[in-house]
Every structure is written in C-alpha cells, then in structure tokens.
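>
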Amino acid sequence: MRLDSAPWTLTLQVAATGLALAAWFLFARTGLADKADMPGPVETLSALWELWKTAGYWQAVGGTVRAWALGLLLSIAIGVPVGLLIGRSRRSFESTRFMIDFLRTIPSLALVPLALLLFGQSLTMVIVVCCLATVWPLLIQSIYAGQHADHYLHTVARSFRLSRWHRIAYVLAPEALAFIWPGLRIAATASLLVTIGAELVGAVRGTLGFNLLEAQAFNQPAFLFAYVLTSCALGLMINGGLLLLQRRLLWWHPAWRGG
Amino acid sequence: MTARPTQPAGQSRTRMVGLLWQAWLPLAAAVAIWFWSSGSQSYFFPPLSRVLEETWRIWFAGGGILRDIVPSFVRLITGFALALVLGVALGTILGINRTLEVAMRPVTEALRAIPGAALLPIAMMFLASGETMKLSMIAFISTWPILLNTIEGVRSVDPTLRLVMASFRLSPWYRFRYVFLPAAAPQIMAGARISFAVSVAVMVIVEMFGTPGGMGYFIRHAQQTFQVVPMWTGILMLGLFGYALNVLFRLIERRVLRWHYAMAAHSEGGNQ
Amino acid sequence: MIASVRPRHAVSGSEPASDASPILAIRNLSFSYGAVRIFEELDCEVRQGEFLCVVGPSGVGKTTLLQCLAGLRLPTKGGVVLKGNLVTAPPAELAVVFQDYSRSLMPWLTAEENITLPLRSARLSRAECHQRARKALEEVGLVGVEGKYPWQLSGGMQQRVAIARALAYQPSIIIMDEPFASVDAQTRSDLEDLVLNVRQHLGITIVLVTHDIDEAVYLSDRVLVLSGRPAKVLDIVDVNLGRQRDQIGTKSLPEFAELRSRVYRLIRRKPSHGGVPADDGGER
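Protein chains in written order, with this note's numbering: chain V, 4 to 262; chain W, 603 to 874; chain F, -6 to 277.
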C-alpha cells in the first residue's frame, strides 16, 4: 500500500484521533482531573445530547450565528467599497494610511465596555463590536485590490465594448474577489472569537457566550465542555464552508488552482 | 551586506511630501474632534480636552503606566514568547515528520477551530483567575497561527537543501538552527504577526475577567463603575500601547529577515 | 577486502592514471522505483586519485546512481563499498557538489559560513574552520568573497563556492552531479579547468556525472557509459590523453575526437538485449 494513498491517510488519522480521545478519556479519570471535576469525552457527549433537547441551546447558537453573520456582512458592506475607493487613488491611500494602521491595532474587545454603555447588553452591541473587529482585514485587502486592479483586463473589456454590467460581473468582481478573499477568511475566523468574547464580557442573554459563562458560574463542567465543543464545531463549519466557497468561486485563480 | 544607495536631494524631498500626505488627515481629524467635542454634554463622548487631561493625570503623572501597562506588557510578552517557542518547536517536528502531521491533522484542525474566547470559562474553572490562567490562555491560543505557519514553512524547505544537509552529515541541531529555521523564517514571521495580534486580544479579555491589574481590567472596571472619562483614557492608552508594539514588531521582523529582504531586492534589481 | 572485478576494458599502453587500489567499488548495483527498474547490475571500481565521468542520456538515472553512491539513497540490490565499508548512509569521506548551486547554497549564510557549516557541525574549532575555508576559497580561485551572500555572486562563482565547500570538508572522494549544466559555456570551460587543477593539486578522487560527452572525455581518466532502460553499463572507456589537458590543445587532438565519437556511438546504439532503444543520446 503506497504511503500516500487515501485509505492509508484515513487509517492514520482515525488512529491518531482515537489515541487523542483515549488520552482525554484516561486523563479525565486521573486524580488531578477528578479534583477539578473535568469531564471526559463520554460525559461531554452526553451533556451535549441533553442540551440538544433544550430550546435554550438552539437559541444561543442562533443568537451567536446571527450576530456573527450580521457583523461580518456589515463589515463587508462598509469595508469593501471604502477600501476599493481608497485603493484607487494614491493620495487617499497615503492620507488614510496612518489612521488605519493606528485604529486597527486597537483590540476590539477593549471597546466592549464602551459598546456596553452605548448599546447595553444586547445583540446589537455584539454585532457592532464584531463589525469593528472584522472591518480592518477586509478594508486592507480591498485597498490592495483597488491598487492592483489589472488595468490591462479592463482595457480588454472596454475594447470589446462589454456592457457595464458585464464588465462588473465578469471582470471586476471576480478579480476583486480574488484579492479580497484572504481578508475575508481572516475576518470570518477572527470574528467568531470576537463575537463570543463580546458575548462573554457583556453577558448577553441568548448567546453562546452567555451560556458558557452560566455553565461556569453554576459549576457545570460537562455543559461547559459541551458548549466549547459546539463553538469548535461552529468554527470548523465556517472554515469548511469558506473552503468550499473558495473552490466554487475562485477555482480559476492561479494561486488556488488545485485546492 | 548591500549598502543602501544614498538618496539624491530630489528623492528626499519626495519623502517629505509623502510624509506630509500621511500626516495631514490624522492631524486634521484630531483637531476636528477636539473642537467638535469641546462643548460636548454627552455622557458617553466627553470632550477630548478632558480625556487628554485625565490621561495625563492617571497614566503619566499618577504612575498608571507602572501600575497597569507594565504588568500587561510583561504578561503579553511572556505569553507570546511561550507561544513562539511551543509553536516553532512543535511546528518543526510536524513539518519534518510528514506522517505524524497528516495523522494529527484532524486533531490540530479541531483544536485550532475553537474560538479562543470560548476557552476562557474553562480556563477560569480549572485555573482560577490568577496569573496562571492569564498566561496559559495567551500562550495556548497564540500558539496556533505560529504552529500552522511553521509547519508550512518547514515543509517547503527546498529538497536540494535536504540533500545537502544529509550528504554533509549535519547534526540535528545544526539542521534545525541553520537550515529549517532560517528557511521557514519568513513564513514563521507571518504566523508570528497574526499570533501577536491574537495575543493582544486574549490579553485584554483575560484581564477583563481575571484578578485586578492590567489594562483590560482597568477599562472594564472603569465602565462597571461608570467612570466614563477614565475608561476613554484606558482605550486611548491601549491604542497607543498596541500601536507602539506593532512598530516594535515590524522593526524586529525587518532585522530577523534582513537577508530575505536583501535577497528579494537584489533579484528585483535585475541580476539573477 | 575488495575482490577485484575483471576490468571491462583492456588498458592499452596508457600510463597508469593513479595508484592501483580501488577506493570505491560498485557491485551489482540496482535500483527500482516500485515496478520501474531504473538501473541494474552496475559494476565498476574507482581507483584512488582517478577522475571518472559517468555519461548517459538524460533521464537514464544518473542522478539516482549518484545518490546511491553518496549514501543518500539505498539501492534495491547490490551495494557500494567505500574504502572497505559498505555505504548505507552518507559517509564522512565523501562530499557532493550538486547541480543547482543556487538551491544548494544557503541564502541566509555568507560564502564562508556556507563552507564552514558542515565543519562546525562536526565540532571543528573556529580557527580550523576559518583556515580550511580560506584555503578552499584560494584553491577555487575566489578570494575576497567570504563575506558575500550567494545571491550576490554570479553563477560561476556560486558553483565555485559549492566546490570549495566540498574541498574544505577534506573528503577522499568528491561526487559531482552535472555541476556545470547550469552555467554558460565560457564559465563552464573555466570551471572544468578548475576541477582538473584541483584534482592535480590535491590528488583527490572525483566522480563526475554529466550528459555532455565532450566534457566527459576532456576531464576524465575513464568514462563510464550508461544507457538503456533499465540502464546498464555499456562500457568503461579509457581516456589516454595524458595528465596535462587544456581546452584548445587537448580538444584538437585526433584521439580526442576518436574517443568522443566512440562514446557517442555507444550511447546512440540500440541495446543488444530487450528493452526500449536508447533515445537520441546526448540531446538535452
């Protein structure tokens, strides 16, 4: 069996994952973990099963996903157009350079207290903070896209007298997308962290962050682990979803051909 | 080492103009905010003059830097350094040993997909709210970008160099220190940059929940006790702190990757 | 204890190229990659101080053979014996010069650091490393480039640094993998003469792999001709052009042309048993 083959890889991975789970299982039974009441994989999964039957769980998942999605959409809506515009002109790029550089290093989670004062312990607060965090990578990549837009392709498009719509849909948009995509990937994963972080700090009801905090406050380690597993699953789905989307939308780009 | 070419007078004037273009908007914005907020009655957006006054009083004159910034800084650097060492060490092992890396991939992908903030309650449950918790959180969460980038960097070491290492019988330490590490350095640096930003974010959140001390705590505490102006000073100082660190990071990066930049500049110059 | 292998080609009236004891013995060497047989039943003895060139068409497996000689790959069958020891890992008495100098030198180290790296890894003192590097650079005709980075040097100079690295290592035998394939013709002649001088000066044994027949005949004491699929030793041709060689004089000798065409014909002819006919030999 060739070492590179898919069945061999699968076997290896299953074995390694099995080993990791076994290690977790065994560790949870040691005295050290027992004292701290750390749950093993079995307890975690049964706790998760319990939670799946409650409305509160799904409400929390829904709340977090909504906040994440809206925050991301908002930052796309703001970051991409502004970035493209700034990128087109050398002067505007130079002018905004320092401000963007400075503002984007402010940790967005540090702004949660301010957002709490302005918006209270609401989902809106979370959305605003999430947007504040994720707008920067999108903005920067859009500036980059605006600067490096391939003028040659534009000229070709114009010489064939493509209609405005065609030009935008078939030339400008895919090109811009290829540049902006890395920013989107960073934004999507970072924003989940910020979303949950904001929910934690703000103790916003109906979110994963709140439920995590609750489980910790009421000393329910199995539920706590179950919620962490849930956020992990969310993270994996976002990553996986983006990868799939990348394959469908950007299959033509030389940097990403071949997955 | 290639010396930087001396710039003729015309070029230094262009640099001056460039700097002016970069400076005018921030300055104008600062001035505008100053005047616009000076008469502000708003509870949430106090006058800029007051904020600056308080910043001076609390942070500079009042020893706030020593009390809060220094501990934050120490925590951050220690956590980041731990993440760097762990990430590079593990990343090198996984980068060299392809089979191990492939086998561990589901586990590493799962662990890295956990949004760091979600680990805070677990950390608090098992490690209380003291320094151990804060450091562990920063170190653990910041390790991932470095780990993944190190794996990439080490994997992409030129196969010819591998043959060179083997045929000249380099010791394992020499292979790591003089071949794998420098070859992967650009990639590792990219990971370190992301990791640094993550460290700062985690530092803020663990300080907001942990035992008193540090800038995150300061801002949170100010908000909880409705001291809006001090809260703003905290945000301002954190912004400056973060910016200064980024500049420092970029300087260090430029030094570590000196050969890389010089080589790129050299080949762009047309020779090669 | 090296059983002597019956020489494949009678030596006729040529001065002995070197001291007669074999330093490297290739015994029944075969290599297969899965079901594909790359080369098989290679037999040869390399004498001390000899300059042996291995020639063959591209893709015949010369590089794989070289890697087996250098201990970088294990053969499927047979073995390589260096100074009485079977080669199972890169031996300390052997140094390699690779074809692609831009990728075999480390861009983050200066020329001197590149040369001394293997020495420092072997725990030699700073002073000794420095001294060896100096001498090696002198030997290859490069002085004053110690502090330069490889990418600041021309292709020819980079390859000289790679050769210096091999020399400073003080091996008994140097193996070169098409070392002059990536440089221009002018530089190539300079480097060929350099290698001849080095061999003359230091008495070192050299095995050089190349696809360039002219080069092989010009440089070597014997030429090992490989061809076929799977590759086999077609012949080992003695080159009796004397020790003193130069680009113009030697290459205008009638013996040179005769040897050259002999090797060329060997490569181009169809193998007498089975297998796919060798492709247009010598083309690159």
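Positions of the beta carbon are idealized from the N, C-alpha and C atoms, including for glycine.
1) Name the chain V residues whose beta carbon is nearer than 8 Å to that of W/T616?
2) Of the residues F/C122, F/C37, F/G72, which one's Cα is nearest the Cα of F/V325?
3) Whose C-alpha, out of F/Q163, F/M150, F/P83, F/R113, is nearest the C-alpha of F/K128?
4) Determine the extent of the beta strand (DSSP E) in which V/Y60 is found, giving its start and end residues.
5) I want to see whether chain F comes within less than 9 Å of W/T762, judged by CB atoms only; does it?
6) Which chain W residues are close to F/N99, counting only those with a beta carbon under 9 Å from its beta carbon?
7) In the structure shown, what three-state DSSP assignment does F/Y142 receive?
8) Near V/C134, which residues of its chain fall below 6 Å by C-beta distance, leaving aside the five closest residues on each side in sequence?
9) Kindly list, in the order they appear in chain W, the residues whose Cβ is closer than 8 Å to that of F/P83.
10) Are there 16 or more other CB atoms within 10 angstroms of the CB of W/T734, so buried, or fewer, so exposed?
11) Give me the residue from F/V210, F/G64, F/V90, F/M99 with the minimum Cα distance to F/L160.
12) Measure how close the beta-carbons of V/P140 and V/I189 come, nearest whole angstrom, since I'm counting them as under 8 Å.
13) V/P110 by DSSP, collapsed to three states: which one?
14) Using 8 Å as the threshold, is the segment 75 to 84 of chain F in touch with the segment 216 to 223 of chain F, meaning 3 or more CB pairs across them?
15) Do the CB positions of V/F182 and V/Y230 come within less than 9 Å of each other?
16) Which residue comes first and which comes last in the beta strand (DSSP E) that contains F/S97?
17) If I measure Cβ to Cβ from W/F778 and keep anything under 8 Å in the same chain, skipping five residues before and after, which residues do I get?
18) Have a look at the DSSP bridge pairing and note the partners of V/D37.
19) Report buried or exposed for V/G123, applying the criterion of at least 16 other Cβ atoms within 10 angstroms of its Cβ.
20) Would you verify that the beta carbon of W/W638 is, or is not, closer than 9 Å to some beta carbon of chain F?
21) When we look at the beta-carbon of F/K70 and count the other beta-carbons within 10 Å, is it buried (16 or more) or exposed?
22) Short check: CB of W/V781 to CB of W/L765, under 9 Å?
23) From this set, W/G815, W/W861, W/G841, W/L842, which residue's C-alpha is nearest W/V676's C-alpha?
24) What residues in its chain sit with their C-beta under 8 Å from that of F/E121, if we drop five residues either side in the sequence?
25) Looking only at C-alpha atoms, which of V/W255, V/G238, V/F226 sits nearest to V/L1?
26) Which of the three DSSP states, helix, strand or coil, is assigned to W/L650?
27) Closer than 6 Å by C-beta to W/M839: which residues in its own chain qualify, once you throw out the five before and the five after it? Chain order, please.
28) Tell me, to the nearest whole angstrom, how far the beta carbon of W/G836 is from that of W/F811; I am working on the premise that it is less than 8 Å.
29) Is DSSP giving W/T701 helix, strand or coil here?
30) Return the Cβ separation of F/L227 and F/V188 in integer angstroms, given the expectation that the two are a contact with Cβ distance under 8 Å.
31) Which residues bound the alpha helix (DSSP H) around F/G71?
32) Quick one: give me the first and last residue of the alpha helix (DSSP H) that F/D183 is part of.
33) Taking the alpha helix (DSSP H) that V/F228 belongs to, which residues open and close that run?
34) From this set, F/R96, F/Q60, F/E105, which residue's C-alpha is nearest F/P83's C-alpha?
35) In the segment 686 to 720 of chain W, which residues sit with their C-beta less than 9 Å from some C-beta in chain F, listed in chain order?
36) If you count every other CB in all the chains shown that lies within 10 Å of the CB of F/Q145, and 16 or more means buried, which is it?
This is what the structure holds:
1) Listed along chain V is no residue with a C-beta nearer than 8 Å to that of W/T616; the closest approach is about 12 Å.
2) Outside the shown range of chain F (-6 to 277) lies residue 325 of chain F, about which nothing can therefore be said.
3) The candidate whose alpha carbon is nearest that of F/K128 is F/Q163.
4) For V/Y60, there is no enclosing beta strand (DSSP E); the residue is part of the alpha helix (DSSP H) that begins and ends at 58 to 91.
5) It does: the Cβ of W/T762 has a partner Cβ on chain F nearer than 9 Å.
6) Note that residue 99 of chain F is Met in the sequence shown here, rather than Asn. Within chain W, the residues whose beta carbon sits less than 9 Å from that of F/M99 are L763, V766, Y780, V781, P784, A785, listed in sequence order.
7) In the three-state reduction of the DSSP assignment, F/Y142 falls in the coil class.
8) Once the five neighbours on either side are set aside, the close Cβ partners of V/C134 are G74, L77, S78.
9) Result: A768, S769, F770, R771.
10) The residue in question, W/T734, is exposed, as its Cβ has fewer than 16 Cβ neighbours within 10 Å.
11) Here the closest residue by C-alpha is F/V90.
12) In this structure, V/P140 and V/I189 form a Cβ contact; the two beta carbons are roughly 4 Å apart against a cut-off of 8 Å.
13) Of the three classes helix, strand and coil, the one that applies to V/P110 here is coil, per DSSP.
14) Because the criterion of three Cβ pairs below 8 Å is not met, the segment 75 to 84 of chain F and the segment 216 to 223 of chain F do not touch.
15) With contacts defined by Cβ atoms closer than 9 Å, V/F182 and V/Y230 do not form a contacting pair.
16) F/S97: not part of any beta strand (DSSP E); member of the alpha helix (DSSP H) spanning 94 to 97, first to last residue.
17) Taken in chain order, the residues that qualify are T694.
18) DSSP output for V/D37 lists no bridge partner at all.
19) V/G123 comes out exposed.
20) Taking Cβ atoms only, chain F never reaches closer than 9 Å to W/W638, which makes this a no.
21) With fewer than 16 other Cβ atoms within 10 Å, it is exposed.
22) Going by C-beta atoms, W/V781 is not nearer than 9 Å to W/L765.
23) Checked all of W/G815, W/W861, W/G841, W/L842; the closest Cα to W/V676 is W/G815.
24) Closer than 8 Å at Cβ, skipping near neighbours: L112.
25) Here chain V has residues from 4 to 262 only, and residue 1 of chain V is not among them.
26) Secondary structure of W/L650 (DSSP, three-state): helix.
27) Within the same chain, W/M839 has close Cβ partners W661.
28) Contact between W/G836 and W/F811 fails: their C-beta atoms lie close to 16 Å from each other, not under 8 Å.
29) Three-state result, W/T701: helix.
30) With 8 Å as the limit, F/L227 and F/V188 do not qualify as a contact, their Cβ atoms being about 24 Å apart.
31) Counting along the chain, F/G71 sits inside no alpha helix (DSSP H); it lies in the beta strand (DSSP E) bounded by residues 70 to 75.
32) Unbroken alpha helix (DSSP H) run through F/D183: 178 to 195.
33) Unbroken alpha helix (DSSP H) run through V/F228: 224 to 252.
34) Out of F/R96, F/Q60, F/E105, the CA that lies nearest to the CA of F/P83 is found in F/Q60.
35) Listed by position, the residues of the segment 686 to 720 of chain W near chain F (Cβ gap below 9 Å) amount to none.
36) F/Q145 counts as buried, since at least 16 other C-beta atoms from the protein chains shown sit within 10 angstroms of its C-beta.
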